[in-house]
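Peer 1:
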Amino acid sequence: MHAPPVRTHRAAAPLLWAGRLLAQMALAWWLALACGMAHAAGSLVLRDDLPRTPVWPAVTMQWDASRSLALGDILARSDRFVPPPNAGGTLGVHADALWLRIPLEVAPASDGHWALDINHADLGSVDAYLLDGGQLARHTRLGSSLPYADRPLLVRSHAVDFWLQPGKSYELLLRIETRGAFILPITFNKPAALLQHAVDEQMLQGVLTGLALCLIVYSLAQWVSLRDPLFAQYAMMTSGSLLFSLHFFGIGPQYLWGSSAWATEHAAGLSAFLATGGGFLFIGQALSGHEPQSRLLRSMRAGCGLCVLLGIAYGLDLLSTGAVVLIVSALGPVPSLMGIPGAVRRMRAGDSVGSTLLLAWFAYFVAVTTMICLINGLLPVNFWTLHSFQFGATLDMLLFMRVLGLRSRALHLAAIDAHRERDTLHSLAHTDPLTGLPNRRGLHVALGNSLLRCGPQHLVAVYMLDLDGFKPVNDQYGHDVGDELLVAVTRRLLGHVRESDVVARLGGDEFVVMTSHLSQPEQAHDLGMKLLDAFRSPFALGDLQVHVGLTIGYALAPHDSGDAIGLLRLADAAMYSGKQAGKFCLRRNTGDLALSSS
44 MHAPPVRTHR
54 AAAPLLWAGR
64 LLAQMALAWW
74 LALACGMAHA
84 AGSLVLRDDL
94 PRTPVWPAVT
104 MQWDASRSLA
114 LGDILARSDR
124 FVPPPNAGGT
134 LGVHADALWL
144 RIPLEVAPAS
154 DGHWALDINH
164 ADLGSVDAYL
174 LDGGQLARHT
184 RLGSSLPYAD
194 RPLLVRSHAV
204 DFWLQPGKSY
214 ELLLRIETRG
224 AFILPITFNK
234 PAALLQHAVD
244 EQMLQGVLTG
254 LALCLIVYSL
264 AQWVSLRDPL
274 FAQYAMMTSG
284 SLLFSLHFFG
294 IGPQYLWGSS
304 AWATEHAAGL
314 SAFLATGGGF
324 LFIGQALSGH
334 EPQSRLLRSM
344 RAGCGLCVLL
354 GIAYGLDLLS
364 TGAVVLIVSA
374 LGPVPSLMGI
384 PGAVRRMRAG
394 DSVGSTLLLA
404 WFAYFVAVTT
414 MICLINGLLP
424 VNFWTLHSFQ
434 FGATLDMLLF
444 MRVLGLRSRA
454 LHLAAIDAHR
464 ERDTLHSLAH
474 TDPLTGLPNR
484 RGLHVALGNS
494 LLRCGPQHLV
504 AVYMLDLDGF
514 KPVNDQYGHD
524 VGDELLVAVT
534 RRLLGHVRES
544 DVVARLGGDE
554 FVVMTSHLSQ
564 PEQAHDLGMK
574 LLDAFRSPFA
584 LGDLQVHVGL
594 TIGYALAPHD
604 SGDAIGLLRL
614 ADAAMYSGKQ
624 AGKFCLRRNT
634 GDLALSSS
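Residue numbers (my numbering): 44 to 641.
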């Protein structure tokens, strides 16, 4: 998101595709020039069968450079009224006061009830003078400087209703003074048509505002959940854009701050600083958040700090609105311009964040062109040009939301990588690298878990296994053959135990087998004998036939011991006793074999 326009409305973004919009801009520009002096002569005829009638075909105008001319002065200078430079309803930015003259004729068949509507909320002051036969019949004040509660019609735009006599002619003079652009979509409406148009506009504002609020709430929820500052910065930037739209289209004074003159005066500037500051932070974080000490990130944070200070100064009336216009016009494009090189690099690297940001910025600059053309009278004011900022802001919000989606995906992948790395480290810490079996640490974890569930009917047996004749094989054929033999031993042990049993290697040629859920001690003895029998046949290692045997000592929990260290010591003592007794045997240690031998 970029800084919204302040008064002069110098920032926006398009709703339509860029190429299509550029083509429409060119066509509208030529139409505006072609219609420059094309005014229908005579009065504006108000007919009930034309419930919404534009006034510009009948308008003449003159500027008041002194901004001091009263109604009588203007009537004395009636010969100075001239046709406007175009019929598009926009006259650019001027410091002068503007007088518009609109001759009216009410059709005889009309009921005479009409409403004047100026469908641009951000106008300073408007005075409407209705003349009947050259005499003042009614004077009505309009404009955003008027408290909302004091307006003739409590609607979003500036409107007033008239009861006119059918078949009669009138003259309407409008005096308009504003510090922004003279964007003047003026129409006469039947009350029902005005109401329908107001409802349609409110529906549009409600949809776009609701979408913006949903995006803000979603981003804040993600920020609370993920603690990623990018989501909070998006919410800050989008909130500034939303507040400006609420001010620009009159929703703010209508529903939020009402008749607060301070809020009406400062809303545009403060929202612009909020959006610009959020843009600095968001773009910096999106492009360089992974590099906390990067120059771009530090510069973007400094830019945000400057926006905060300027916003405080403006809120305290230390800066004038004119100064704010110049400051925001200069600061608004800076975050995008600073981010373009980084976005291009990321796009070339295949990162969708870079291409998404570039697309959003391209749309923004196209919309700026649209708004500048509108402000300077090169494009007519209509539904699309008047709402170009809001549609463009919505498009930017959605494109930047895609950046958040890409960030969420990156965080998710990073979390997966972190879990994978953690699991790898855990596996390395608990696994023997040669055989892939649990090591001593992994065995203790598995044995501790099994002992939690052991009992008189759920016995746990721990077997300490030592290979008979491994050292001669290792010495005769080398360590490579020895390692190959250990792998073959691992496969044979795994082939003779249940899937729920644990086979571990403690180092060298020492292995441990743990089995659980045994109901009788005899089952533990039978498994030990089964393991011994498995080592009666030789191991085929390529062209070699190698014979090694087993000596096994074991203990039972909870009968012999109730803790892991005690069971391993008992099993080790039993295995050592078997080695001394002649090897290739199975022995159980119920506590009668000395532990000191281990």
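Beta carbons: idealized from backbone N, C-alpha and C, even for Gly.
If we ignore side chains and look at the alpha-carbon of each, how far apart do F426 and T96 end up?
Peer 2: Here the question's residue 426 lines up with position 383 in the sequence shown. Here the question's residue 96 lines up with position 53 in the sequence shown. The straight-line gap from Cα to Cα measures roughly 15 Å.
Peer 1: What does the alpha-carbon distance come out to for the pair A138 and H163?
Peer 2: Along the sequence shown, one-based indexing puts residue 138 at 95. Along the sequence shown, one-based indexing puts residue 163 at 120. Taking the straight line from one Cα to the other gives about 18 Å.
Peer 1: On the premise that F205 lies in contact with L173, defined as a C-beta separation below 8 Å, what is that separation, rounded to the nearest angstrom?
Peer 2: The sequence position of residue 173 within the sequence shown is 130, counting from 1. The sequence position of residue 205 within the sequence shown is 162, counting from 1. That belief holds up - the Cβ atoms of L173 and F205 are roughly 6 Å apart, short of 8 Å.
Peer 1: Tell me which residue opens and which closes the alpha helix (DSSP H) that T428 is part of.
Peer 2: Translated into the one-based positions of the sequence shown, residue 428 becomes position 385. That run of the alpha helix (DSSP H) goes F426 to L429.
Peer 1: Starting from G135 and walking both ways along the alpha helix (DSSP H), at which residues does that stretch end?
Peer 2: On the sequence shown, residue 135 is found 92 positions in, with the first residue counted as 1. No alpha helix (DSSP H) contains G135, which is instead part of the beta strand (DSSP E) from T133 to V136.
Peer 1: Tell me whether R110 is buried or exposed, calling it buried when 16 or more other Cβ atoms sit within 10 Å of its Cβ.
Peer 2: Counting from one through the sequence shown, the residue named residue 110 turns up at place 67. It counts as exposed.
Peer 1: If you draw a straight line from the alpha carbon of T478 to that of F578, how long is it in whole angstroms?
Peer 2: By 1-based counting over the sequence shown, the position of residue 478 is 435. By 1-based counting over the sequence shown, the position of residue 578 is 535. Each residue's Cα considered, the two are about 18 Å apart.
Peer 1: Measuring CB atoms only, is the region 219 to 233 touching the region 89 to 103, in the sense that at least three cross pairs come out at less than 8 Å?
Peer 2: Contact holds: three or more Cβ-Cβ distances are below 8 Å.
Peer 1: Alpha carbon to alpha carbon, how far is D615 from N632? Give it in angstroms, no decimals.
Peer 2: Within the sequence shown, residue 632 is the residue found at index 589, counting from 1. Within the sequence shown, residue 615 is the residue found at index 572, counting from 1. Rounded to whole angstroms, N632 to D615 spans 9 Å at the Cα level.
Peer 1: Determine the direct distance from the alpha carbon of Y619 to that of R630, and round the result to whole angstroms.
Peer 2: Looking up residue 630 in the sequence shown gives position 587. Looking up residue 619 in the sequence shown gives position 576. Between R630 and Y619, the C-alpha separation is close to 10 Å.
Peer 1: Cβ of S200 within 9 Å of Cβ of G85?
Peer 2: On the sequence shown, position 157 is the one that residue 200 refers to. On the sequence shown, position 42 is the one that residue 85 refers to. No, Cβ-Cβ distance for S200 and G85 is not below 9 Å.
Peer 1: Counting pairs of Cβ atoms below 8 Å between the region 169 to 183 and the region 120 to 129, do you hit three or more?
Peer 2: Because the criterion of three Cβ pairs below 8 Å is not met, the region 169 to 183 and the region 120 to 129 do not touch.
Peer 1: Where do the ends of the alpha helix (DSSP H) carrying E542 lie?
Peer 2: Counting from 1 along the sequence shown, the entry for residue 542 is found at position 499. Counting along the chain, E542 falls outside any alpha helix (DSSP H), and DSSP gives it neither H nor E.
Peer 1: Report yes or no: do the region 375 to 383 and the region 313 to 328 share at least 3 C-beta pairs separated by less than 8 Å?
Peer 2: As far as the Cβ criterion goes, the region 375 to 383 touches the region 313 to 328, which means the pair count is three or higher.
Peer 1: Could you give the distance in angstroms between the alpha-carbon of G571 and the alpha-carbon of E464?
Peer 2: Working through the sequence shown from its first residue, we reach residue 571 at position 528. Working through the sequence shown from its first residue, we reach residue 464 at position 421. One C-alpha to the other measures close to 38 Å.
Peer 1: Going along the chain, which residues of its own chain have a beta-carbon closer than 8 Å to the beta-carbon of A366, five neighbours each way excluded?
Peer 2: Along the sequence shown, one-based indexing puts residue 366 at 323. Same-chain partners within the cutoff: there are none.
Peer 1: Using only the alpha-carbon positions, how far apart do P151 and A410 sit?
Peer 2: Here residue 151 is taken as the residue at index 108 of the sequence shown, counted from 1. Here residue 410 is taken as the residue at index 367 of the sequence shown, counted from 1. Their Cα atoms are separated by approximately 45 Å.
Peer 1: Starting from the N-terminal side, write out each stretch of the beta strand (DSSP E) that is 3 residues or longer and does not extend beyond the region 528 to 616.
Peer 2: Runs found: 545 to 550, 553 to 561, 582 to 584, 587 to 589 and 592 to 600.
Peer 1: Would DSSP call A54 helix, strand or coil?
Peer 2: Within the sequence shown, the letter at position 11 stands for residue 54. A caution first: A54 carries a pLDDT of 32, below 50, which makes its placement in the model too unreliable to give a value.
Peer 1: Would you kindly work out how many angstroms separate the C-alpha atoms of N482 and T281, rounded to a whole number?
Peer 2: Stepping through the sequence shown from its first residue, residue 482 is reached at position 439. Stepping through the sequence shown from its first residue, residue 281 is reached at position 238. Going from the Cα of N482 to the Cα of T281 covers about 55 Å.
Peer 1: Quick one: is M104 buried, meaning 16 or more other Cβ sit within 10 Å of its Cβ, or exposed?
Peer 2: The count along the sequence shown starts at 1 and reaches residue 104 at position 61. Classification of M104: buried, given that the 10 Å Cβ count is 16 or more.
Peer 1: What would DSSP say about D523, mapped onto helix, strand or coil?
Peer 2: Here residue 523 corresponds to residue number 480 of the sequence shown, with the count starting at 1. Note: D523 maps to helix in three-state DSSP.
Peer 1: Relative to the alpha-carbon of R144, which residue among H182, L217, L134 and A108 has its alpha-carbon at the smallest distance?
Peer 2: Position 101 of the sequence shown, counted from the start, is the residue given in the question as residue 144. Out of H182, L217, L134 and A108, L217 has the C-alpha closest to the C-alpha of R144.
Peer 1: Does the region 560 to 567 come within contact of the region 489 to 503, defined as at least 3 CB pairs closer than 8 Å?
Peer 2: Judged by Cβ distances under 8 Å, the region 560 to 567 makes contact with the region 489 to 503, as three or more pairs qualify.
Peer 1: Which of the three DSSP states, helix, strand or coil, is assigned to A130?
Peer 2: Residue numbering aside, residue 130 sits at position 87 when the sequence shown is read from its first letter. Residue state, collapsed to three classes: coil.
Peer 1: How far does the beta strand (DSSP E) with E214 in it reach, from first residue to last?
Peer 2: Sequence index remark: in the sequence shown, residue 214 carries index 171 (1-based). Segment S212 to E220, the beta strand (DSSP E) holding E214.
Peer 1: According to DSSP, is V98 helix, strand or coil?
Peer 2: For the purposes of this step, residue 98 is identified with residue 55 of the sequence shown, where counting begins at 1. If DSSP states are grouped into helix, strand and coil, V98 belongs with coil.
Peer 1: Taking buried to mean at least 16 other C-beta atoms within 10 Å of its own C-beta, is P581 buried or exposed?
Peer 2: Counting from one through the sequence shown, the residue named residue 581 turns up at place 538. Exposed, because fewer than 16 other Cβ atoms sit within 10 Å of the Cβ of P581.
Peer 1: Taking 8 Å as the cut-off, does the region 268 to 283 touch the region 446 to 457 (at least 3 CB pairs, one atom from each stretch)?
Peer 2: Yes: the two stretches touch, three or more of their Cβ pairs being nearer than 8 Å.
Peer 1: Runs of 3 residues minimum, wholly inside the region 123 to 189: which ones carry the beta strand (DSSP E) assignment?
Peer 2: Counting whole runs of 3 or more residues, the region 123 to 189 contains the beta strand (DSSP E) stretches 133 to 136, 140 to 149, 156 to 161, 168 to 175 and 178 to 185.
Peer 1: I'd like to know whether the C-beta atoms of D193 and S302 end up nearer to each other than 9 Å.
Peer 2: As a position in the sequence shown, residue 193 is number 150, starting the count at 1. As a position in the sequence shown, residue 302 is number 259, starting the count at 1. Yes, the Cβ-Cβ distance between D193 and S302 is below 9 Å.
Peer 1: Rounded to a whole number of angstroms, what is the C-alpha to C-alpha distance between R534 and L480?
Peer 2: On the sequence shown, position 491 is the one that residue 534 refers to. On the sequence shown, position 437 is the one that residue 480 refers to. Going from the Cα of R534 to the Cα of L480 covers about 10 Å.
Peer 1: Can you tell me the Cα-Cα spacing of M198 and Y191, whole angstroms?
Peer 2: By 1-based counting over the sequence shown, the position of residue 198 is 155. By 1-based counting over the sequence shown, the position of residue 191 is 148. Sequence check: residue 198 is Val here, not Met. One C-alpha to the other measures close to 9 Å.
Peer 1: For L251, which three-state DSSP category applies?
Peer 2: Here the question's residue 251 lines up with position 208 in the sequence shown. It is helical.
Peer 1: Could you compute how far the alpha carbon of A69 sits from the alpha carbon of I418?
Peer 2: As a first step, residue 69 is located in the sequence shown; it is residue number 26 there, counting from the start. As a first step, residue 418 is located in the sequence shown; it is residue number 375 there, counting from the start. Note that A69 has pLDDT 40, beneath the 50 cutoff, so the model's placement of it is unreliable and the number below is only indicative. Rounded to the nearest angstrom, the two C-alpha atoms are 15 Å apart.
Peer 1: Does H201 come out as helix, strand or coil in the three-state DSSP assignment?
Peer 2: Taking the sequence shown and counting its residues from 1, one reaches residue 201 at position 158. Strand at H201.
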